[in-house]
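Just so we're aligned, residue 1292 is where the sequence shown starts under our numbering, counting upward by one.
Where is the CB? At the ideal position from N, CA and C, for every residue including glycine.
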Amino acid sequence: MKILLIDGTIIGSKTGAILEQVKVYIEQLNGELKLEILKLSDFEHQFVDGRPLEKYNDDMRLLVRKFEEAEGYVLATPIFQGSIPGVLKNTFDLLHPRTMRYKPVSIVANGGTHQHHLVVENQLKPILDYFRCLVTPNYVYTTTHHFGEGNVIVDQDVHDRLRELARVFVQYAEMGKNLSKETIDKH
Ligand SMILES: Cc1cc2nc3c(=O)[nH]c(=O)nc-3n(C[C@H](O)[C@H](O)[C@H](O)COP(=O)(O)O)c2cc1C
């Protein structure tokens, strides 16, 4: 089962560091999941403007393929201007609405301030609900003070929450295995 761990930004490195840690925790629980970290910063992005898919560059088409082939996702986003990065929203806009249907998704987010943790609830989750994802009930929000030298996560509580996120994600992945293939709803 292919799981994409998406670093949803082209600026900064803390979300990437969180994903590396989540990857370790998922691997400890289930060695059979094929985990791949996908960094939006590795892609040459184009604005989604309604053109047919074949008119986008190779990177944009690769993004679509990666999302379609994956059977689950861990999404990492920083908070920018009280919201998610434009490049992440642009990536969502690129996808067919059924791409992530009934597939498990866990969210990790990092902001400069605690005050913006509800961006996950108010802005990211509604998008994933539109896609009808199986969003795990727990997500992990970090801020700068949870990190030490070299972006190592130094906060024990964050580690505990990431381990718990991984535990729930692995079970959602099991649940989503057949559910995503069995859809009869074409709308
Ligand atoms: C353009 C921009 C806007 C930001 N807006 C917010 C914000 O509204 N709320 C917030 O908590 N952090 C905000 N931040 C901080 C980031 O969420 C995050 O903490 C920081 O980019 C981490 O960067 P690093 O991975 O390079 O350490 C913003 C950062 C940037 C670059």
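Asked                                                                                                                                                                                                : Found
Pair every Cβ in the region 1304–1323 with every Cβ in the region 1430–1450, then say whether three or more of these pairs are closer than 8 Å.                                                      : yes
Under the DSSP definition of a beta bridge, which residues are partnered with residue 1331?                                                                                                          : Partner(s): none; residue 1331 has no beta bridge.
Compare the C-alpha of residue 1385 against each of 1355, 1438, 1396 and name the closest.                                                                                                           : 1355
Measuring from the CB of residue 1462, is there a heavy atom of ligand 1 at a distance below 7 Å?                                                                                                    : no
Starting from the C-beta of residue 1323, find all residues in its chain whose C-beta is less than 8 Å away, skip the five residues before and the five after it, and write them out in chain order. : 1292
Report yes if the C-beta distance between residue 1430 and residue 1410 is below 8 Å; otherwise report no.                                                                                           : no
Under DSSP, the alpha helix (DSSP H) around residue 1363 begins and ends at which residues?                                                                                                          : From DSSP, residue 1363 is part of no alpha helix (DSSP H) but of the beta strand (DSSP E) over 1363–1369.
Quick one: what's residue 1395 bridged to in DSSP?                                                                                                                                                   : 1425
For residue 1464, which residues of its own chain have a beta-carbon under 8 Å away from its beta-carbon, when the five flanking residues on both sides are left out?                                : 1292, 1294, 1321, 1324, 1362, 1363, 1395
Which of the three DSSP states is assigned to residue 1375 in this structure?                                                                                                                        : coil
Taking one C-beta from the region 1451–1464 and one from the region 1418–1433 each time, how about it: are there three or more such pairs within less than 8 Å?                                      : yes
List the residues that DSSP assigns as beta-bridge partners of residue 1401.                                                                                                                         : 1369, 1433
With distances taken between CB atoms, is the gap from residue 1401 to residue 1305 smaller than 8 Å?                                                                                                : yes
State buried or exposed for residue 1436, treating a residue as buried only when at least 16 other CB atoms are found within 10 Å of its CB.                                                         : exposed
Taking 7 Å as the cut-off, is the CB of residue 1407 close to at least one heavy atom of ligand 1?                                                                                                   : yes
Let me make sure I understand the geometry here. Which of 1338, 1382, 1346 has the alpha-carbon closest to that of residue 1359?                                                                     : 1382
Run the proximity test for residue 1372: is its beta-carbon closer than 7 Å to any non-hydrogen atom belonging to ligand 1?                                                                          : yes
Quick one: measure Cβ to Cβ for residue 1317 and residue 1459, integer angstroms, because I've assumed they're closer than 8 Å.                                                                      : That belief does not hold up - the Cβ atoms of residue 1317 and residue 1459 are roughly 11 Å apart, past 8 Å.
Assuming residue 1299 and residue 1353 form a contact by the criterion Cβ under 8 Å, report the distance between their Cβ atoms to the nearest whole angstrom.                                       : Their Cβ separation, rounded to whole angstroms, is 16 Å, which puts residue 1299 and residue 1353 out of contact at 8 Å.
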